[in-house]
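A short worksheet on the structure shown next.
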Amino acid sequence: MRKYLLLLILLILFIPTYVFALSDNYKDIVSDITNTKIEDNKINLYLFRGEGCPHCKEEEEWLSTITEKYKDNLNVIDYEVWHNDENANYLSEVRKTLNDSKSVGVPYTVIGDSYFLGYNETIGDQIESKINEYIGNEVKDDIKIPVLGKTNIKEVSIPIVAIILGFIDGFNPCAMWILLLLINICVTTKDKKKMKLIGYTFIFSSALIYLFSMLGLSLVVNLTTVLIIRKIIELLAIILGIYNLYIYIKTRNDTGCHVVDKNKRKSIISKINNIIKQKNVLIAIILTFILASSVNLVELACSVGFPAIFLEILAINEVGLFARFIYLIIYIFFYIVDDLIVLLLSIKAFEVKGISTKYNKYVNLIGGILMIIMGILLIFKPEWIMLNF
1346 MRKYLLLLIL LILFIPTYVF ALSDNYKDIV SDITNTKIED NKINLYLFRG
1396 EGCPHCKEEE EWLSTITEKY KDNLNVIDYE VWHNDENANY LSEVRKTLND
1446 SKSVGVPYTV IGDSYFLGYN ETIGDQIESK INEYIGNEVK DDIKIPVLGK
1496 TNIKEVSIPI VAIILGFIDG FNPCAMWILL LLINICVTTK DKKKMKLIGY
1546 TFIFSSALIY LFSMLGLSLV VNLTTVLIIR KIIELLAIIL GIYNLYIYIK
1596 TRNDTGCHVV DKNKRKSIIS KINNIIKQKN VLIAIILTFI LASSVNLVEL
1646 ACSVGFPAIF LEILAINEVG LFARFIYLII YIFFYIVDDL IVLLLSIKAF
1696 EVKGISTKYN KYVNLIGGIL MIIMGILLIF KPEWIMLNF
């Protein structure tokens, strides 16, 4: 009996007295909505993603390493929301519970009562910091910012970050392609004023939509709406591409290399302008604004990583309302600066060379091919035309 008692005492002495405990701040708000099992001493990370979203795929790959690193303390549960109505409803309910009325995109990551919209290395650092906070590990304020590298989020120069993130975020292949398409169409009309009008309308409409989105002002778009907009743009790309090829085939044997006679063109334009000029200008502006809105909302729907990072930096540094607005203006200006450069170069080229019939033919050929390729990629391989940083 004494031998067994001694053995029991030894076992008790060698059993670790440390028991892992989650932070008191951790509260799983998703489990009640999705009926997810909660394991003792483990936190649940919920990933709401879209099939075909490149940033979602990137986060999934990153989460596989994080899951291994925190395997004793972390469960990862993912829900595909673009093609699964039940999961999309889960996401809507989660957002309501979190009082998040302004987020429209994926990936959407939830841990406890914290959420993260979009994904890149910086957001990954923020997610991992939140994991460490909930499991009681030391939390650092350093995040990785493009160009600047690892930076203390509380000591960073906000104007410099606004310039860097805004400029990088501005390299939006989808929006750039649409701008080039609009310039191409304007070039064929040989109307520099229309090129300027439509080009500047598109760029500043994009800036306005992005600013409203970052301010969270009345731009709540559900997933179904975003998918419809995306499909329309995909279809439009292919249709316009085929039309441009048709124009090229129809005019491929034309040998003219001259600009339409100035007096004749003025005569034709004046007759049309007397009837519908004002109406056409208004319609052109409205349609350009709608197109710019659609393109930028689709881009935001896949990821708003850089805006999310910037807004987080502003929040952590407790920036006031007026200063926040100024920093957002700086961000937005550098967001559109690459588009402005493209437009100004196009206008300059128009002024120097003019546009010939031969040039127009090849613009239609190249533009048509590029638009068809872009439309197909948007449908089957969207990650090939989106920049990831």
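Each residue of the sequence shown is one higher than the one before, counting from 1346 in the numbering used here.
C-beta: ideal position from N, C-alpha, C; glycine also.
These numbers were taken from a predicted model, which means no experiment stands behind them.
Inset, instruction - Using three-state DSSP, classify I1456 as helix, strand or coil. - result: strand
Legend entry - Where the beta strand (DSSP E) through N1420 begins and ends: L1419 to E1425
Legend entry - Same chain, Cβ closer than 6 Å to L1436, neighbours up to 5 away in sequence not counted: F1393 and V1426
Inset, instruction - To the nearest angstrom, report how far apart I1456 and N1380 are at their CA atoms. - result: 15 Å
Inset, instruction - Give me whichever residues DSSP pairs with I1388 in a beta bridge. - result: L1419
Legend entry - At least 3 beta-carbon pairs within less than 8 Å: the segment 1677–1684 vs the segment 1543–1552: yes
Legend entry - Secondary structure of L1443, DSSP reduced to three states: coil
Legend entry - 8 Å contact criterion, which D1514 and F1670 should meet: CB distance rounded: Wrong, their Cβ atoms sit about 18 Å apart, outside the cutoff.
Legend entry - Helix, strand or coil at F1516 according to DSSP, with G and I counted as helix: coil
Inset, instruction - Just grab the DSSP bridge partners of F1393 for me. - result: Y1424 and Y1453
Legend entry - Cα-Cα separation between N1434 and H1428, rounded to whole angstroms: Using only the alpha carbons, I get a separation of about 11 Å.
Legend entry - V1605, DSSP secondary structure in three states: With a pLDDT of only 40 at V1605, under 50, the local geometry of the prediction cannot be trusted, and the value read off the model is given with reservation. Coil.
Legend entry - Bounding residues of the alpha helix (DSSP H) (the contiguous stretch that carries Y1545): K1537 to L1560
Inset, instruction - State the Cα-Cα distance for the pair S1474 and K1539, rounded to the nearest angstrom. - result: 50 Å
Inset, instruction - Can you tell me the Cβ-Cβ gap for F1655 and L1443, rounded? I've got them flagged as a contact below 8 Å. - result: The Cβ separation is near 20 Å, so there is no contact.
Inset, instruction - Could you please give the first and the last residue of the uninterrupted alpha helix (DSSP H) stretch that includes Y1371? - result: Neither: Y1371 is in no alpha helix (DSSP H) and is coded neither H nor E.
Legend entry - Cβ-based burial, S1551 [other Cβ within 10 Å; buried from 16]: buried
Legend entry - alpha helix (DSSP H) segment containing E1413, residue limits: P1399 to K1414
Inset, instruction - Please report how far the alpha carbon of C1602 lies from the alpha carbon of A1629, in whole angstroms. - result: Unreliable placement is indicated for C1602, whose pLDDT of 39 sits below 50; the coordinate value is still reported in the next sentence. Between C1602 and A1629, the C-alpha separation is close to 29 Å.
Inset, instruction - Quick one: give me the first and last residue of the alpha helix (DSSP H) that K1475 is part of. - result: E1466 to I1480
Legend entry - With 16 other Cβ atoms within 10 Å as the buried cut-off, status of D1373: buried
Inset, instruction - Provide the residue(s) that pair with L1462 in DSSP beta bridges, ordered along the chain. - result: Y1453
Inset, instruction - Grab me the residues of D1445's own chain with a C-beta within less than 7 Å of its C-beta, minus the 5 sequence neighbours each way, in chain order. - result: Cβ within range, chain order: Y1460.
Inset, instruction - Count the other CB atoms, across all protein chains shown, that sit within 10 Å of the CB of P1504; report buried if there are 16 or more and exposed otherwise. - result: If you draw a 10 Å sphere on the C-beta of P1504, you find fewer than 16 other C-beta atoms in it, and that means exposed.
Inset, instruction - Tell me whether A1668 is buried or exposed, calling it buried when 16 or more other Cβ atoms sit within 10 Å of its Cβ. - result: exposed
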